[in-house]
Ligand code: PMP
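Numbering (this note's numbering), first residue to last: 9 to 360.
This is the structure we're talking about:
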């Protein structure tokens, strides 16, 4: 794919590396590609980061035909720039596209686009431990029309944001509210797509849980509110009596790349792992029997987020005395070690 590059003549001041936060600062450039019916995806270009003109009747603004991704670039101690399984994110773009009736894109072209934009803004990648450059590819329906149907034109954009360490003060297990009132997705819906509607659907529960002092909500299935789905913007794992269990993918949860990597690492380490339906009652019972050994979330942002406590209909499920478990710590160290280039990447997960 040919990508034209127009460099900014007015570079921005870079933010303080010690105070980056998440998704607040954006780099000097962005990648854009257009789709028009009859032409396909065209005009791949890197241009200065700036507001874009959007027609007030652009379909995405009205009916939410939009998807996104999230991944990171890391600077290794040797100064190399590493991406973690970027082709998996781009395959997931197409999975989201199929569910949202958005035309598919070429995975190799998109990985090339990511590499090119990261190269152009390489000076923005922070190097302090735990920091990274967050990469946000997204697609939205841009056709100006109000009929409810798939759009005939789209924009694919990649923006970049230097982000701080997720755990500046060390890993701290979080408190999670088991959501029994609101639901995120149902079978046959959009749950497995990384589409804007799923995040809109999560806000009210998140705000209410935060008000009560919880970091995030654990979603249950949308029909019986019985089976565990995922937690906030993370997939969820439980270690019960030596076995690691994560909910199976049935179309309602996002197939996380950290989830996939965690399963592969557990298998390699010979730790029993199963993907199956697991009810919140089973977790409560395991806890009551002293067999709930660990619980953790997995996702690009935190990699591993240990869970110290669940609150379920007024009952408290305490996990491992609120401390990080052995498996959680091991997976965290291994994945972050591979991502940062400190550990040898025997899986071939990283790309320079
Ligand atoms: N579930 C949801 C709803 C998410 O938004 C994310 C973050 N992308 C995840 C799970 C974890 O996915 P990944 O490991 O690919 O970041």
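Positions of the beta carbon are idealized from the N, C-alpha and C atoms, including for glycine.
Between the CA atoms of residue j and residue i - distance to the nearest angstrom
{"i": "residue 117", "j": "residue 125", "result": "12 Å"}
{"i": "residue 181", "j": "residue 317", "result": "8 Å"}
{"i": "residue 337", "j": "residue 154", "result": "50 Å"}
{"i": "residue 178", "j": "residue 315", "result": "14 Å"}
{"i": "residue 319", "j": "residue 351", "result": "37 Å"}
{"i": "residue 348", "j": "residue 152", "result": "43 Å"}
{"i": "residue 175", "j": "residue 36", "result": "27 Å"}
{"i": "residue 257", "j": "residue 283", "result": "8 Å"}
{"i": "residue 102", "j": "residue 261", "result": "16 Å"}
{"i": "residue 81", "j": "residue 120", "result": "14 Å"}
{"i": "residue 300", "j": "residue 251", "result": "10 Å"}
{"i": "residue 225", "j": "residue 307", "result": "15 Å"}
{"i": "residue 42", "j": "residue 61", "result": "13 Å"}
Which of helix, strand or coil DSSP assigns to residue i
{"i": "residue 206", "result": "helix"}
{"i": "residue 116", "result": "helix"}
{"i": "residue 185", "result": "strand"}
{"i": "residue 53", "result": "strand"}
{"i": "residue 102", "result": "helix"}
Counted within 10 angstroms of its Cβ, other Cβ atoms place residue i as buried (16 or more) or exposed
{"i": "residue 164", "result": "buried"}
{"i": "residue 148", "result": "buried"}
{"i": "residue 129", "result": "buried"}
{"i": "residue 187", "result": "buried"}
{"i": "residue 9", "result": "exposed"}
{"i": "residue 59", "result": "exposed"}
{"i": "residue 311", "result": "buried"}
{"i": "residue 203", "result": "buried"}
{"i": "residue 229", "result": "buried"}
{"i": "residue 206", "result": "buried"}
{"i": "residue 50", "result": "exposed"}
Residue range of the unbroken beta strand (DSSP E) whose run includes residue i
{"i": "residue 162", "result": "161-171"}
{"i": "residue 238", "result": "236-239"}
{"i": "residue 82", "result": "79-83"}
{"i": "residue 145", "result": "140-149"}
{"i": "residue 228", "result": "224-228"}
{"i": "residue 90", "result": "89-92"}
{"i": "residue 323", "result": "323-326"}
Identified DSSP bridge partners for residue i
{"i": "residue 313", "result": "305"}
{"i": "residue 44", "result": "48, 161"}
{"i": "residue 281", "result": "252"}
{"i": "residue 74", "result": "148"}
Residue i: first and last residue of the uninterrupted alpha helix (DSSP H) it sits in
{"i": "residue 175", "result": "No alpha helix (DSSP H) contains residue 175, which DSSP labels as neither H nor E."}
{"i": "residue 71", "result": "67-71"}
{"i": "residue 292", "result": "288-296"}
{"i": "residue 211", "result": "211-219"}
{"i": "residue 335", "result": "334-347"}
{"i": "residue 271", "result": "265-276"}
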